[in-house]
Amino acid sequence: MVKDKLAFIQNQIPENVTLVAVSKTQPVSAIQEAYDNRQRVFGENKVQELVDKFPLLPKDIKWHIIGHLQTNKVKYIAPFVSLIHSVDSLKLLQEINKQALNNSRIINCLLQFHVAQEETKFGLSLEEAKEFLDSIDFALLKNIRVVGIMGMASFTKDTNQVRNEFQTLKNIFNQLKTEYFPAENSFKEISMGMSGDFQIAIEEGSTIVRVGSSIFN
Ligand SMILES: *Cc1c(COP(=O)(O)O)cnc(C)c1O
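Remember, our numbering sits 116 above the position in the sequence shown when you count from 1.
Here it is, written out as structure tokens:
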């Protein structure tokens, strides 16, 4: 079952776009089935759930944290997490840096931006991001690498609105690239698009899509 749905999604993703299989709430057996069908990148939104699953699954899986991350939980994932999508404050980035240093690692991160209409979605405004990117405190962080941005579109049937929000994210990416990361080839990721809207996201320049329910449910 997972096999067929996964293949259906994989076939729609261009080679230059990374598919994150969002496995939150899914049992280890379903993740293993996806792994057995060539999927290597998985996303979880809860630290405890990820920490429970991690030892039970193959070691070459790249684990992404996609959900809101509390600073006091960073230490549990710092030894192995491959990408943190949901950085929404300098304080969180400082904690990731500290825990990365403790593990002698550099941890890749995305800055999460709020572009949707819903009040509840986490994320920075462009002004907030610029404020901390301009700070000395940010310049001091040597064990994190900001490799791009992440965002979620509104949950709506209005595809024009969804497309507009993805364009806003792409514009934010372009501005940050020009102003802060012009020489850094690693700053290249735009994580946008989920089960309901990943095709539009790819058309608008997504490099990472996060697909859960279309694969696992
Ligand atoms: C759950 C989740 C997804 C996947 O959503 P689906 O609609 O199930 O594909 C993507 N991104 C985030 C941040 C999520 O929490």
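The beta carbon of each residue, even a glycine, is placed where N, CA and C say it ideally should be.
Have a look at the DSSP bridge pairing and note the partners of Q228.
M266
Indicate whether the contact test is met: 3 or more Cβ pairs, each with one atom in the segment 173-182 and one in the segment 148-160, closer than 8 Å.
yes
Bridge partners of H180, per DSSP?
G159 and L199
What I want to know is whether the C-beta of V138 ends up closer than 6 Å to one or more non-hydrogen atoms of ligand 1.
yes
Whole-angstrom distance between E320 and I129, CA atom to CA atom:
13 Å
Among the residues of its own chain, which have a CB less than 6 Å from the CB of L185, if the five just before and after it don't count?
S202
Spatially closest choice to K207 from A146, A245 and L292, by CA coordinates
A245
As a quick exercise: from D253, C225, E243 and K140, pick the residue whose alpha carbon is nearest that of M266.
C225
Less than 7 Å separating the beta-carbons of D204 and A269?
no
For the 8 Å Cβ check, are there 3 or more pairs between the segment 238-258 and the segment 210-228?
yes
Between Q142 and the rest of its own chain, which residues show a CB-CB distance below 7 Å, the 5 nearest in sequence each way excluded?
F332
Which word fits L135, buried or exposed, when buried means at least 16 other C-beta atoms lie within 10 angstroms of its C-beta?
buried
Inter-residue Cα distance where the pair is K140 and V325:
15 Å
Go through its chain and collect everything with a Cβ distance to V231's Cβ below 6 Å, but skip five positions before and after it.
G267, E281, T284 and L285
If you reduce the DSSP assignment to three classes, tell me which class V138 lands in.
strand
Provide the residue span of the alpha helix (DSSP H) that contains E222, from first to last.
The sequence shown places Ile at residue 222, rather than the Glu named in the question. Where I222 is concerned, there is no enclosing alpha helix (DSSP H), given that its DSSP letter is neither H nor E.
On the criterion of 16 or more Cβ atoms from any shown chain inside 10 Å, does F271 qualify as buried, or is it exposed?
exposed
What residues in its chain sit with their C-beta under 6 Å from that of N153, if we drop five residues either side in the sequence?
K119 and L122
List the endpoints of the continuous alpha helix (DSSP H) containing E305.
Here E305 belongs to no alpha helix (DSSP H); instead the beta strand (DSSP E) covers E305 to S307.
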